Amino acid sequence: MNVGQRKGRRTLDAVEGFATSVGEGTKISGNLGGKGHSIILGEVEGDCNLEGTLVIGESGRWTGNVKAKAIVIAGTVEGEVFAEEKLEILSTARIKGTIKSKSLAIAEGAVHQGEVSMSSNDGIKHFKDQRDRS
Numbered sequence: 204m205n206v207g208q209r210k211g212r213r214t215l216d217a218v219e220g221f222a223t224s225v226g227e228g229t230k231i232s233g234n235l236g237g238k239g240h241s242i243i244l245g246e247v248e249g250d251c252n253l254e255g256t257l258v259i260g261e262s263g264r265w266t267g268n269v270k271a272k273a274i275v276i277a278g279t280v281e282g283e284v285f286a287e288e289k290l291e292i293l294s295t296a297r298i299k300g301t302i303k304s305k306s307l308a309i310a311e312g313a314v315h316q317g318e319v320s321m322s323s324n325d326g327i328k329h330f331k332d333q334r335d336r337s
């Protein structure tokens, strides 16, 4: 199933593995691009252009612009965030920069400093993350 295909489903439910993984404690400087899904638990400085899903975990930090089909942010981003279909901002997220998306979900507790631009009439969806974090 393609990410974003089933309306109302959480983005991570549709991800079946990551083509790229940046582990916690790892620092990378450079650009990321490709067709697969990527998860960031370490630090990246550079730009991203993915055809799949980008997940920035709670320990993840991205400095630069990110663009992907779908994006889930639980960590920190400094730069422009553009999700072609869906952007989920979890309660632990910290974002400084403009965010753009067709569909946007923001959890209570998330922090965003910047502008928001939406390209559809779906509106902003607020949610509480009710998943077990253990």
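Going from the sequence shown to this note's numbering is simple: count from 1 and add 203.
Virtual Cβ for every residue (Gly too), placed ideally from N, Cα, C.
Note that the structure is a prediction, hence the values are computed from the model and not measured.
Sequence-distant residues of its chain with Cβ nearer than 6 Å to residue i (five each side left out)
i: valine 284; result: Val269 and Ile302
i: valine 319; result: Ile302
Helix, strand or coil at residue i [DSSP, three-state]
i: phenylalanine 221; result: coil
i: valine 319; result: strand
i: serine 294; result: coil
i: glutamate 287; result: strand
i: threonine 266; result: strand
i: alanine 308; result: strand
i: threonine 157; result: The structure shown does not extend to residue 157, since the chain is modelled only from 204 through 337, so no value can be given for it.
i: alanine 313; result: coil
Residue i and residue j closer than 8 Å at C-beta
i: glycine 317; j: isoleucine 298; result: yes
i: serine 294; j: lysine 305; result: no
i: glycine 278; j: leucine 253; result: no
i: glycine 245; j: threonine 229; result: yes
i: glutamate 288; j: alanine 273; result: yes
Per DSSP, cross-strand counterpart(s) of residue i
i: glycine 237; result: Leu253
i: leucine 244; result: DSSP lists no partner for leucine 244.
i: lysine 230; result: Glu246
Nonlocal neighbours in the same chain, by C-beta distance under 7 Å from residue i, ignoring five residues either side
i: valine 225; result: Ile231, Ile243, Leu244, Gly245 and Val247
i: glycine 233; result: Gly249
Closer than 8 Å to chain C by CB, residue i
i: isoleucine 302; result: Protein chains in the displayed structure number just one, and chain C is not present.
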